[in-house]
């Protein structure tokens, strides 16, 4: 039996297990598409953590959890006669083939940039596709990720800097405007200008092929590691952080750096 046959056999067994759980487990029987939603979001973040930690076994586990959710949603859809797993897969196949004419058709592309441009054009031309370039960005995305996706969508149709270094002038402009509002003291305007500054920094990250969400999360982890070290060392000395000077804390903080 080759690998594909083993995968198909295992997937078939997963569907059988899902049927049994739905029929015999009180908890599984009670679940709805709405009740699974928050759990799916949680599993997605757990997968993200495993990816950032470069934990291959964790990635495999979390992918399994997400696969379970996909099968679970499809099972509920089938029971309610709203959609089936076959429809889910077929819609995916149709989309992949249609949006890759350079693979399954006669279209020729020079690089990945052209692939992205074609992808966006094809999405706009689909019957139930996006009505505008930015309508494909989910409104519920966290703001940092949403900013990145908005800019990426705009880039796909040619709305972007001619040279990526030009973005730093925009960052400087937004920083100057934010500092100006700090002096004036209007909370509303300060917030607005700070948002503009963040948006320009996200744009810079995108242009230099840095994912701002990933970069910020890595910094969060680094800060957490160093602060935990500071806290532990302070406890060992029988001290309290509140009673220490900033210099004392900074001396320990520096030792936490690799």
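In the numbering used here, the protein residues as written are -16 to 241. Glycine included, each C-beta is placed from N, C-alpha and C at the ideal position.
Residue burial classification, residue i (beta-carbon count within 10 angstroms, cutoff 16)
i: residue 235; result: buried
i: residue 186; result: buried
i: residue 6; result: exposed
i: residue 246; result: Here the chain comprises residues numbered -16 to 241, so residue 246 is not present and cannot be evaluated.
i: residue 134; result: buried
i: residue 213; result: buried
Host alpha helix (DSSP H) of residue i (start-end)
i: residue 85; result: 84 to 87
i: residue 159; result: 150 to 167
i: residue 52; result: 39 to 62
i: residue 233; result: 229 to 239
i: residue -6; result: -14 to 7
i: residue 71; result: 68 to 81
i: residue 129; result: 126 to 139
Residue i vs residue j beta-carbon contact at 9 Å
i: residue 143; j: residue 190; result: yes
i: residue 196; j: residue 139; result: no
i: residue 153; j: residue 183; result: yes
i: residue 1; j: residue 55; result: yes
i: residue 200; j: residue 31; result: yes
i: residue 53; j: residue 71; result: yes
i: residue 125; j: residue 105; result: no
i: residue 51; j: residue -3; result: yes
i: residue 242; j: residue 109; result: Beyond the ends of the chain as shown, which are -16 and 241, falls residue 242; an answer cannot be given.
Three-state secondary structure (DSSP) of residue i
i: residue 93; result: coil
i: residue 223; result: coil
i: residue 14; result: coil
i: residue 193; result: coil
i: residue 27; result: helix
i: residue 204; result: helix
i: residue 144; result: coil
i: residue 120; result: coil
i: residue 114; result: coil
i: residue 36; result: coil
i: residue 217; result: helix
i: residue 109; result: coil
i: residue 65; result: coil
Beta carbon proximity, residue i to chain C, threshold 9 Å
i: residue 179; result: Judged by its chain identifiers, the structure shown contains no chain C, having just a single protein chain.
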